[in-house]
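Written out below as structure tokens is the structure these notes cover.
Residue numbers (this note's numbering): 5 to 65.
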């Protein structure tokens, strides 16, 4: 690793959140991230993890 950095965006919070953990449409566009939940790093990971599980489920069926 050559360089590593972390930044905390103190005021970067979503003004509203979505009722779903992620979005996926029929044309294959998928969106996930912290704004779909409460705006925390953990929420971004959970959103992506749940989208990944949903995509795996679709590819098997």
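Even for Gly, the Cβ is constructed at its ideal location relative to N, Cα and C. All values derive from a computational prediction rather than experimental measurement.
- Residue state for residue 33 is assigned as coil, using DSSP reduced to three classes.
- When the alpha-carbon of residue 57 is set against those of 10, 26, 22, 15, the nearest one is in 26.
- Non-local C-beta neighbours of residue 50 in its own chain, meaning closer than 8 Å and more than five positions away in sequence, comprise 25, 41, ordered along the chain.
- Under the DSSP definition of a beta bridge, residue 11 lacks any partner.
- Taking C-alpha positions only, residue 9 is separated from residue 23 by approximately 32 Å.
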